[in-house]
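> Could you have a look at this structure, given as structure tokens, before my questions?
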Amino acid sequence: STQSTWGEKKEKKKKKKGKVTPQEQGKKFLKPGKVVLVLQGKFAGRKAVIIRAADGNKTRKYGHCILAGISKYPQRVTRKTTARKAAMKSRVKPFIKTYNWNHIMPTRYALDIDFRSFINGSVVADPTKKKVALKKAKTLMINDYLTGKNRWFYNKLKF
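Residue numbering for the sequence shown follows this note's numbering, starting at 17 and increasing by one per position.
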């Protein structure tokens, strides 16, 4: 409040700056195809791609994402390695999991592999559907790796 020239008090209306909740903030940049780093859990330090992002639902009342990431990175192939060994070393083991927004760190990069066609919430919940989806994800990732696209995604983080 401020004093007027007549001695009366004028009251100014203060605008309340509404705090932005993580759910509202997450909508902006956590989009399908965005590459993230997993910070917590079994796959901490692994790279993953957002498949679906949600503010919350009946079962999970917090902001979360369905991720497809790399559980086991491909090994380095040299000139000396035989074709059979090179094929073995070029394998990629994927994971599909739901993560809280607080447990992932988004990057500026995006990956253009279409996982959305076969991975959704029901796939993550049902183990038999998840197995089939993991096999499809594995073939897509191996093909992407062998073509030489997105080499940075298939390199292990060193920290």
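Idealized CB from N, CA, C, for every residue including glycine.
Just the C-alpha distance for VAL140 and ILE112, rounded to the nearest angstrom, thanks.
Near 7 Å, if we compare the C-alpha coordinates of ILE112 and VAL140.
> Among ARG100, GLN91, THR98, THR163, which residue has its Cα nearest to the Cα of LYS172?
Checked all of ARG100, GLN91, THR98, THR163; the closest Cα to LYS172 is GLN91.
> Relative to the alpha-carbon of VAL51, which residue among MET104, ASN118, ASP128 has its alpha-carbon at the smallest distance?
Comparing Cα-Cα distances from VAL51 to each of MET104, ASN118, ASP128, the minimum goes to ASP128.
> What does DSSP give as the partner residue(s) for LEU53 in the beta ladder?
According to DSSP, which records beta bridges pairwise, LEU53 is partnered with LYS63, MET121.
> I need the boundaries of the alpha helix (DSSP H) containing SER138, first residue and last residue.
That run of the alpha helix (DSSP H) goes 137-141.
> Let me check understanding here. Comparing Cα to Cα, which of ALA102, THR98, TYR115, ASN159 lies closest to ALA60?
Considering only alpha carbons, the answer is TYR115.
> Any idea which residues DSSP pairs GLY85 with across the strands?
Answer by DSSP bridge pairing, in chain order: ALA64, PHE111.
> Out of GLY164, ILE135, LYS96, point me to the one whose CA is closest to LYS151's CA.
Closest by alpha carbon: ILE135.
> Assuming contact is defined by CB atoms lying nearer than 8 Å, are ILE67 and LEU46 in contact in what I supplied?
Cβ distance not < 8 Å, so ILE67 and LEU46 don't count as in contact.
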